[in-house]
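Per my numbering, residue 19 is the first one in the sequence shown, and the count goes up by one each step.
Built from N, CA and C at the ideal position, the CB exists for glycine as well.
What you are looking at is a predicted structure, and each value in this text was computed from that prediction instead of being measured.
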Amino acid sequence: MTSALAIDALTVSFPGPYGRVRVIEDVSLSIGRGEIVGLVGESGSGKSVTALAAMRLLSTTARVDAGSVHVGERNLATLSKTELLRLRGSEIAMIFQEPMTSLNPLFRAGFQIGETLEAHLGLSRAQARGRAIELMRAVGITDPERRVDDYPHQLSGGMRQRVMIAMAMACGPRVLIADEPTTALDVTIQAQILALVRRLRDDTGMGVLLITHDLGVVAGMANRVVVMYAGLVMEEAPVRTLFAAPLHPYTRLLLKSIPRIGAKAQRLHQIAGTTPPPSRFPVGCRFHPRCPDAIDQCRTELPPLETQADGRRVRCWRARETGLVSMRP
Ligand SMILES: Nc1ncnc2c1ncn2[C@@H]1O[C@H](COP(=O)(O)OP(=O)(O)O)[C@@H](O)[C@H]1O
Ligand code: SF4
Ligand SMILES: [Mg+2]
19 MTSALAIDAL TVSFPGPYGR VRVIEDVSLS IGRGEIVGLV GESGSGKSVT ALAAMRLLST
79 TARVDAGSVH VGERNLATLS KTELLRLRGS EIAMIFQEPM TSLNPLFRAG FQIGETLEAH
139 LGLSRAQARG RAIELMRAVG ITDPERRVDD YPHQLSGGMR QRVMIAMAMA CGPRVLIADE
199 PTTALDVTIQ AQILALVRRL RDDTGMGVLL ITHDLGVVAG MANRVVVMYA GLVMEEAPVR
259 TLFAAPLHPY TRLLLKSIPR IGAKAQRLHQ IAGTTPPPSR FPVGCRFHPR CPDAIDQCRT
319 ELPPLETQAD GRRVRCWRAR ETGLVSMRP
């Protein structure tokens with residue numbers, strides 16, 4: 019079956035002080051209909067660049083050096099500007115961490131939701147307003163008949179995120195990319211927004227790419243998880259398997275840094291060191307300077323991303339050495 023979204027061997031570079039720098043490399047992931055895929059990794063690992071490349075929304079200095087993106091059957095590279103504009107919103111939509119970057123402060127919330135409907139579905143202004151109210155109700159905004167005329171600054175952070183989700187959902191996309199959608203929100207609102215995304219997935223069958231630096235966020239949400247570090251996919255597995263038996267040392271350390279609900283005050287495990295900038299990715303395994311399990315080979319040779327018999331993928335020499343990885347892609 020065709021995936022709702024298929025990113026295949028995508029490599030993206032930006033200009034750096036000494037020539038172009040690859041910020042993501044050979045990134046592949048796919049999302050099936052009705053599936054929620056978590057894309058996880060520390061800040062700077064290349065999650066947003068991957069998402070923006072999937073939307074063809076990268077800045078003009080970015081270059082896609084290799085790979086492809088398909089939304090359903092369509093290869094984005096073959097689409098004209100007009101076709102791309104039509105695709106965005108109607109087939110694939112994105113929401114961001116800070117709704118104010120996407121909402122226009124000068125226009126009323128309902129108008130901004132309705133604008134998409136006028137543009138994509140050809141609804142009249144009055145019809146679009148009516149549908150905007152319905153959508154606002156569907157995303158849990160109380161009293162939408164009144165809220166429809168509010169300006170973004172009159173809404174709370176959680177409400178603004180709901181308005182953005184309503185805008186994204188307006189034309190019934192096949193795929194929703196949510197880039198850190200709850201990072202700026204407090205824990206209660208975060209849980210509400212995640213429950214909303216899950217419900218919309220259940221109702222519409224859309225696929226969701228849920229991007230977060232926090233593995234805890236994907237725990238109850240995702241079907242599958244893709245872990246990125248320093249521009250590379252390091253591990254991919256069904257969510258339960260990943261939590262029960264992570265193969266990659268980086269995944270294991272990320273799991274240790276999740277706060278446990280109900281646990282007494284505890285010191286969170288921090289992964290020593292920081293993610294290197296793309297101009298200074300180390301040779302060999304890019305995680306080796308921070309890896310507690312590194313061996314000599316890790317310092318010189320980049321491990322390939324290998325696929326196991328059960329479809330799990332992992333990029334680590336040690337996972338291979340222990341016989342956990344049995345099959346090449
Ligand atoms: N427009 C850009 N120009 C140059 N480098 C960029 C640009 N956008 C992102 N990067 C770099 O690409 C890397 C990955 O960034 P990003 O995808 O935003 O990380 P994440 O979303 O995982 O935190 C970072 O090192 C970032 O500095
Ligand atoms: S390849 Fe080596 S350095 Fe990289 S994660 Fe595996 S053990 Fe650690
Ligand atoms: Mg990001």
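Close-in-space but distant-in-sequence residues of the same chain around residue i (CB under 6 Å, 5 per side omitted)
| i | result |
| --- | --- |
| residue 112 | 73 and 195 |
| residue 335 | 315, 316 and 321 |
| residue 88 | 24 |
Check: residue i C-beta below 8 Å from any heavy atom of ligand 2
| i | result |
| --- | --- |
| residue 330 | no |
| residue 115 | no |
Unbroken alpha helix (DSSP H) run spanning residue i, endpoints
| i | result |
| --- | --- |
| residue 181 | 175-187 |
| residue 132 | 127-139 |
| residue 155 | 143-156 |
| residue 51 | From DSSP, residue 51 is part of no alpha helix (DSSP H); its letter is neither H nor E. |
| residue 272 | 267-274 |
| residue 382 | In the structure as shown, the chain starts at 19 and stops at 347, and residue 382 therefore has no counterpart that could be examined. |
Residue i: CB within 8 Å of a non-hydrogen atom of ligand 3
| i | result |
| --- | --- |
| residue 229 | yes |
| residue 197 | yes |
| residue 61 | yes |
Check: residue i C-beta below 8 Å from any heavy atom of ligand 1
| i | result |
| --- | --- |
| residue 80 | yes |
| residue 296 | yes |
| residue 41 | yes |
| residue 108 | no |
| residue 163 | no |
| residue 182 | no |
Span of the beta strand (DSSP E) around residue i
| i | result |
| --- | --- |
| residue 256 | 250-256 |
| residue 73 | Unbroken run through residue 73 is the alpha helix (DSSP H), 65-73; no beta strand (DSSP E). |
| residue 242 | 242-247 |
| residue 82 | 81-89 |
| residue 329 | Taken as a continuous stretch (DSSP letters only), residue 329 belongs to no beta strand (DSSP E), as it is neither H nor E. |
| residue 197 | 193-197 |
| residue 25 | 23-34 |
| residue 227 | 225-230 |
Nonlocal neighbours in the same chain, by C-beta distance under 8 Å from residue i, ignoring five residues either side
| i | result |
| --- | --- |
| residue 33 | 39 and 79 |
| residue 36 | 297 |
| residue 234 | 276 and 277 |
| residue 82 | 28, 29, 30, 71, 76 and 95 |
| residue 165 | 127, 128, 154, 159, 173 and 177 |
| residue 344 | The pLDDT assigned to residue 344 is 42, lower than 50, so where the model puts this residue is not dependable; a value taken from the coordinates is nonetheless given after this. Hits under 8 Å: 326 and 327. |
Residues of its chain near residue i, where Cβ-Cβ distance is below 7 Å and the 5 sequence neighbours each way are ignored
| i | result |
| --- | --- |
| residue 219 | 52, 54 and 226 |
| residue 289 | 271, 275 and 308 |
| residue 310 | 267 |
| residue 291 | 307 and 308 |
Cβ separation of residue i and residue j, assumed to be a contact under 8 Å, to the nearest whole Å
| i | j | result |
| --- | --- | --- |
| residue 265 | residue 304 | Not confirmed; about 16 Å, so no contact. |
| residue 42 | residue 64 | 4 Å |
| residue 150 | residue 132 | 4 Å |
| residue 56 | residue 243 | 4 Å |
Notebook entry, point to check: Can at least three beta-carbon pairs, one atom from the region 172-191 and one from the region 151-160, be found at a separation below 8 Å?
Noted result: Proximity of the region 172-191 to the region 151-160 meets the contact definition, three or more beta-carbon pairs being nearer than 8 Å.
Checklist line | Inter-stretch contact (C-beta, 8 Å, three-pair minimum) for the region 53-62 and the region 114-122 | finding: no
Note to self: Taking contact to mean 3 or more Cβ pairs, one atom from each stretch, closer than 8 Å, check whether the region 100-107 and the region 221-231 are in contact.
What the structure shows: no
Margin query: I want to know whether the region 197-214 touches the region 96-103 - three or more CB-CB distances under 8 Å.
Written below: no
Checklist line | the region 254-265 / the region 86-94 touching (three or more Cβ pairs under 8 Å) | finding: no
Item checked: At least 3 beta-carbon pairs within less than 8 Å: the region 122-139 vs the region 161-175 -> yes
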